[in-house]
Structures are given as structure tokens and as C-alpha cells.
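J.: The structure's right below; bear with me while I get my questions together.
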Amino acid sequence: MTPDRTSLSGRDDAPATDADERPLPARREVERMRDLLPAIEPERRVDDWGRSERVEGVFDATLIEFFYRYWFRCEVEGIEHVPSDGGALLVSNHSGALPPDAAMIAKAIRDEHPQPRPLNITVEHFFKGYPGFSMLIPKIGCVAAHPANVHRLLFDERQLVLVFPEGRKGTEKLYKERYRLRRFGRGGFVEAAMRAEAKLVPVCVVGAEEAAPVFAQAKLLQRMTGLLYFPITPTFPLLGPLGMLGYLPAKFKLRFLEPIDTVGMGSDPASDKGLVQTVAQEIRARIQENLHEMVGERKSVWFG
Amino acid sequence: MSEHDAAGETMTRQPAHTTKRVLVTGLSTYWGGRLAQALESHPEIETIIGVDNRDPTRELTRTEFVKVSNQHSLIQRIVTAAEIDTVIDSRLVVDSMTTAPRLAHENNVIGTMNILAACATGGSPVRKYVFKSSAHYYGCEQDDPAFFTEDMRRPHSPGTAIERDIVEAEAAVDEFADRSSNVTATVLRFTNVLGPHLATSHARMFGLPLVPMVLGFDPRCQFVHEDDVVHALEHAALHDIPGTYNVAADGVLALSEVIGLLGKRPLPVLPPWGTGAIAAPLRRLGARFPDEMVNQLRFGRGLDNRKLKATYFAYGYTSRETVQKFGEHLRLHPVLRGSEGSYTYEKEVEEFLRWSPHVQRDDERASEEPFGI
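Chains A and B are the protein sequences, given in the same order.
Going letter by letter, the first sequence gives residues 312 to 615 in the numbering used here.
Going letter by letter, the second sequence gives residues -1 to 371 in the numbering used here.
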């Protein structure tokens, strides 16, 4: 790539000091740094994050297609709320032993959106260290949930990123606690979006809780296997590791809510802890409210 | 283009204040030699002095070699006597398999402190200090970001001896930079280098018929071509770029992709747990598998290279091209083996060529008939 080097402003006013002390870079410098991003060589089928076009394609055409179309029969609302360009952070509720929600959201954007874009799914660092997962997870579009990764994707590469602020607390929760949102961390995702000047898009997923109900968590087995958690589901551990994919055919409903723009929130909103918490709370409330509405409207778990 | 850009243009296009008299440490290392060769082609550099405790390994025409260990009093005398304005510190050992740990520590930490002490005395003529560091500074852990930027601290304390040394050496350089405000201090952190002339642990591994991988892992790898390393050092020597910069080529590849580009086959035999424990017996069997590489084979590492590119540095190769070039070398190596002449330093001949009044030191002649054949 021969980057279009346009500006040199900011070279002297932004020396290599502590990241925390550095003010937001000037607009022009930002553009220049974006121009300097390495291009993906056309011969390559793997990108710099480790995402493999080939592996993703195979998964998309087989397993995910099957689950999306025939097993969960996904129904999508408000796909137009996913912006067609610029960075956007999708925020969703989370559930299921091996959560199917992320793959379905990615597939919905790929299939239903007028200008589909790849979705980057943030996952725990745990997966990078676990053999097998470590190999597969980045290839299908997952990145470790490191603030620097999210920032680069949203701000520099202006891509779509999906986060589950509930994190492990969401997937650990049992069937009896379904559709009750857990705490939204410390609002780190809102901070990341603000710093990246990205839009926040709340997403509600109904059906995943019934598709992969967790009846109990086996602490001892979790410690023995070194996994994040060891859920007891209808098929796991009964059918072995593949039992993780033994989803029940619940009807999936995905609803993308109206995006929240972080640009108009002041000069440096990310450092305003109060504002960050307020926005995080509001997003949580909106998702919870819509979840209640969607579950209330649903006549059957299996047929919608 | 706005006038703002034009102003910026003149600001950095301007060559460095005065890079005229250069001291290269570690002249006999591959990097020191290559760098001195590169600097010799710049007529505006009057003097190039190289120090090392071994004889030079590369042919040089006008670089003066002084055999000296890393004693700061001696180096300080050289610096003052020759009025050195730029010191390029290219001694760093980054592979624990090439040097014994004690010697590596001696060179990387104590050596750096000595060189810095030699540059930091009152009234020192040194105005620029370039330190060749390594991406081992960042280490390699499970919870690393996908792309390290220069302002990131490593999340965990260093796990291997080499990493500890590099962190310590950089801390010394930082302190030096803080204390000496009139010196431009540049730190270049190089990622894994690949190239035909360099026998790194990665090169050795890729030279095997089957490339070992850790079972269940496909780490991301980034490389930089050996020529780009020399160019980056040269760039830092000739321009004023204070601060720390990552040097890594565009593009981060998956290890499986690298193996494919080299036309090799992967051999996923290393156990996913206790990889470090198996490294020791493997080393005893002759495998070149240093400690600092163990985690790289599991988690990989990527660097953000934009800061250096923003100073108008242009890489000659991407990571992918670097690997392809290296693949070509691997295929050619059996054919060319032994045909490249090796160089031995002859002290008397070199001194005669540099100092005898009978040698005609004409620039044109020099380009026709290089000295020191």
C-alpha cells in the first residue's frame, strides 16, 4: 500500500508519553494514522486479526446457515439500525452454554443488512489460551475483549464490534434466571465507544435462553477441565464436547434498537465516569424493557 | 494541500541537525556491520567509528574500527576525542540461544549502561542516541492486545531472562533521555527478523522439513525483513525522531499461513500444556527453541507500525513478502552453499588502506576499487 500521507501535524505535540495523559489526537492526525493502517494484500485469505475468509465461509455456509434458517428460524427486526459505515459497537444480552447468540447476530447482519459488513465478536482472553479454541476462534471473526483491540477496530478500522457486557455472568446464569440481565460490568464498553466516537447499537436476542438452557454449573468439573465454566445442559456433558452444540430448536427473535451516538456527548465524555454509568444503565434498561416486551408477545417458545 | 501541511512538510523533511560523526556500537554484529556499510554511502557523514570486542565481520571501506569492550571510560574517551554527535547502539542480544545468559545480561544491561554513561558526561558532544531494542519488550501473554502500540506497558512482569534484560536496558535509556534534554533519544523495537543472512531461531525453525507447531494453536506472527531493519536504523540515524518506535512490517500472518507460503508442512506435535517444560529437553537434543519463543508459538504477537511510518519511513517488504523472500532463500540455499565468499578482518591491511599516505583516497577510485578486499 502506498498510503496517502497528507499531514504531519501533531507529530511534535503528541510525543510518546503516557497514554492516560494524552489528549484526544487532533482530527487531521487521526485521518493520517488511519491512512497508515496496513492494507490487506489481495492474495491473502487471512486478515491481520487472524480472521480466515475460507474457514468463516465454510462455517457460514454449513453450520451457521443451518441453525439460522432451519433450526432457530431467526426473525430480525430493525436491521436498519446497524450503521452502514463507521465504527459501531453492538451491545447484546448473552446466554447459553456455548452461546449461539453471537453467531446469529453476525449472520443476521450478513444476510439481512443492505450493506453487510463483517462483525467482530469480542470474547474472553481465556479462549486465546485454550488449545483448539485458540486456533478456531479468531478464524471465524472473534477477537479478545481487550480495550485496545476494541478501540482499533472501532476507531481506526471503523468496523462493527459486538460486545456482551454481561460477559461470563450472562452465560453462567441458569435457566430459571432467564431474560434477567446481569450487571453491565463497569461500563467499559461505553467508554470504548465514546473514545472511538462510535455509535452504540443495543441488540435484544430472544430464544437463546431456551435453546441452550443451563440447569446447573459443576464447579468441580470446571476446575478439573480448566474451562471457563462447566454447565449441565440437556446434552452436555452427556454427548461429549459436541453436546455443546446440542441446541433445542427454540424460535429466535433478534431486535436491533435505535443507535445511540456518542459524538455529541461533550469533548471528552469517556473520562466522565458518571456519564459513562448513566449511558450504560440506559442501554441496559432499554434492552431489558425490549426483552420483556418480546417475551411477553411470544406465544410459543418453539414457534414464536 | 493546506499551508499547514506544507509547514509540516518542511519540518520533517529537513535532515537531522548534524549527523556527521557517528559511533556504531556492536560493529561486529550483523546489524552493526550492515549499518556501517549503509552509513558509508552517505557522503555528508564525515566519520564512522565502530567499536566492538570482536573483529568486524563485514567488509567496510571507511569505517574505523576500535577494538574495545563496553568499558565506559574508554568509550567516553573515543566519544570526546572524535567529537561524536550520534551514537547508534546496535549491540542488543535478543536470542537467548546465541549467547549464554550471563554474557547476554552483561552485554544488554551493563553494556547499555556503560554506553549511556559514556554519552551522558558533562560537555559530551553527543546529540543523538539510537537504541536498537526488541519487541520482546512487550513479552507475549494470553491477555495481550492484538497490536501493541509504543505507549503500552507490558501487562505482566517479564518471564524470561532476555525479556528482563531488554526491559531493564530500555528503562536505562528512558532515564538517560529524561536527564539529557539536549539529546534526541530514539528507541526502535524490532519484531522478529527474517532474512537470508540471518540465522535466527525462527529461521532455523522454518528451515526444518516439517515446521513444529503447538497442538491446537495457530499464533499470529509478524516479521520484518533484514534490509528494513538496517533502513530503520539508518532512518533514525539521519532524521530526528525522538521517542520509541515499533519496527514491524505491514501484515500479521497466521503461522499456518507462513508455513503455507514457505511450501512446508506443519507438524503440530508440541504439547499445548507444559510447552515450556518440553523446551528444555528439546534444546538439549539440539533444537533451537529459546524460552522467549515458547509463548510466541502459542499466543503470537502483533505490533502497530504506524508511528514509524508517520515519520516517512517506508518498508520495503510486507510480512508476507518477507516470508516469501525467505522461502526463496531456503530453496536456493542448497544450490548456492559455499559459493559466497566469507570475509575475514585483516587488521594491518585495513589500517594500511586507511592511513598510509601512499593510498590514493579519491572518492572515484574508492567506488571503482573498494578497499579492503
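Glycine included, C-beta positions come from ideal geometry on N, C-alpha and C.
To the nearest angstrom, report how far apart A/PRO394 and A/LEU401 are at their CA atoms.
T.: Distance between the alpha carbons of A/PRO394 and A/LEU401 is about 10 Å.
J.: Cβ of B/ALA247 within 8 Å of Cβ of B/THR147?
T.: No, Cβ-Cβ distance for B/ALA247 and B/THR147 is not below 8 Å.
J.: Bridge partners for A/SER363 per DSSP, in chain order?
T.: Partner(s): A/VAL357.
J.: In terms of DSSP beta bridges, what is B/MET211 paired with?
T.: Bridge partners of B/MET211: B/PRO266.
J.: Of all the options B/ALA118, B/VAL85, B/ASP176 and B/GLY314, which has the alpha carbon lying nearest to the alpha carbon of B/ILE46?
T.: Selected option, being the one with the closest Cα: B/VAL85.
J.: Looking at A/VAL501 and A/ALA591, is the spacing between their C-beta atoms short of 8 Å?
T.: Yes, the Cβ-Cβ distance between A/ALA591 and A/VAL501 is below 8 Å.
J.: Tell whether a beta-carbon distance below 8 Å holds between B/LEU213 and B/LEU253.
T.: No, these two residues do not count as a Cβ contact at 8 Å.
J.: Leaving out five residues before and five after B/ARG89 in sequence, what residues of the same chain have Cβ atoms less than 7 Å from its Cβ?
T.: Answer for B/ARG89: THR23, GLY24, THR27, ASN105 and GLY109, listed in chain order.
J.: Using a C-beta cutoff of 8 Å, does B/LEU213 count as contacting chain A?
T.: It does; some Cβ of chain A falls within 8 Å.
J.: What residues are listed by DSSP as bridge partners for A/ILE432?
T.: DSSP lists A/CYS453 and A/LEU473 as partners of A/ILE432.
J.: Span of the beta strand (DSSP E) holding A/SER403?
T.: Segment 399 to 403, the beta strand (DSSP E) holding A/SER403.
J.: Against chain B, does A/LYS630 count as a neighbour if the rule is that its beta carbon must be under 8 Å from one of theirs?
T.: The displayed coordinates of chain A run from 312 to 615. Any statement about residue 630 of chain A would go beyond what the structure contains.
J.: What residues in the region 237 to 264 of chain B have a beta carbon less than 8 Å from any beta carbon of chain A?
T.: For the region 237 to 264 of chain B, which is checked against every Cβ of chain A, the residues closer than 8 Å are PRO240, GLY241, THR242, ASP248, GLY249, VAL250, LEU251, ALA252 and GLU255.
J.: So which residues of chain B does A/TRP360 contact, with C-beta pairs closer than 7 Å?
T.: Per Cβ cutoff of 7 Å: ALA144.
J.: Go ahead and label B/GLU344 buried or exposed: buried means 16 or more other beta carbons lie within 10 angstroms of its beta carbon, across all protein chains shown.
T.: Exposed, by the Cβ-count rule.
J.: How close, in whole Å, do the beta carbons of B/ARG299 and B/CYS138 come, if the pair is a contact with beta carbons under 8 Å?
T.: Sure, about 5 Å apart at Cβ, within 8 Å.
J.: Quick one: give me the first and last residue of the alpha helix (DSSP H) that B/CYS117 is part of.
T.: Element bounds for B/CYS117: 110 to 118.
J.: Skipping 5 residues on each side, what residues in its chain have a beta carbon closer than 8 Å to that of B/SER94?
T.: These residues qualify, in order along the chain: ALA102, THR158, ALA159, ILE160, PRO288, ASP289 and GLU290.
J.: Kindly indicate which residue of B/SER71, B/VAL64, B/GLU81 and B/LEU196 has the alpha-carbon position closest to the one of B/ASN51.
T.: Among B/SER71, B/VAL64, B/GLU81 and B/LEU196, the Cα nearest to that of B/ASN51 is on B/VAL64.
J.: Distance, Cα to Cα, A/ILE543 vs A/LYS484?
T.: A/ILE543 and A/LYS484: Cα-Cα distance of roughly 11 Å.
J.: Could you tell me whether the region 311 to 329 of chain B touches the region 218 to 232 of chain B, where touching means 3 or more Cβ pairs closer than 8 Å?
T.: Contact holds: three or more Cβ-Cβ distances are below 8 Å.
J.: Closer than 8 Å is the cut-off here; do at least three beta carbon pairs connect the region 110 to 125 of chain B with the region 174 to 187 of chain B?
T.: Contact between the region 110 to 125 of chain B and the region 174 to 187 of chain B is present, because at least three Cβ pairs lie under 8 Å.
J.: Work out the CA separation of B/VAL250 and B/ARG218 for me, nearest whole Å.
T.: Straight-line Cα distance between these residues: approximately 6 Å.
J.: Return the Cβ separation of A/PRO513 and A/ILE598 in integer angstroms, given the expectation that the two are a contact with Cβ distance under 8 Å.
T.: The pair is a contact, with the Cβ atoms about 5 Å apart (cut-off 8 Å).
J.: Count the CB pairs spanning the region 532 to 547 of chain A and the region 572 to 588 of chain A that are closer than 8 Å, and state whether there are at least three.
T.: No, the region 532 to 547 of chain A does not touch the region 572 to 588 of chain A.
J.: Considering only their Cβ atoms, is the gap separating B/GLN140 from A/LYS439 smaller than 8 Å?
T.: Their beta carbons are under 8 Å apart, which means A/LYS439 touches B/GLN140 by this criterion.
J.: Less than 8 Å between CB atoms is the rule here; does A/GLY452 satisfy it with respect to chain B?
T.: So, not an interface residue.
J.: Going by DSSP in three states, B/HIS223 sits in which element: helix, strand or coil?
T.: Strand at B/HIS223.
J.: Residue range of the alpha helix (DSSP H) that A/PHE438 falls in?
T.: Looking at the DSSP string, the run of the alpha helix (DSSP H) that includes A/PHE438 is 437 to 440.
J.: Helix or strand or just coil, what does DSSP make of A/GLY607?
T.: Helix, per DSSP.
J.: Is the region 567 to 580 of chain A close to the region 528 to 535 of chain A, with three or more CB pairs under 8 Å?
T.: Touching, no.
J.: Please determine, among A/ALA522, A/GLY607 and A/VAL574, the residue with the shortest C-alpha to C-alpha distance to A/PHE466.
T.: Cα-wise, what sits closest to A/PHE466 is A/VAL574.
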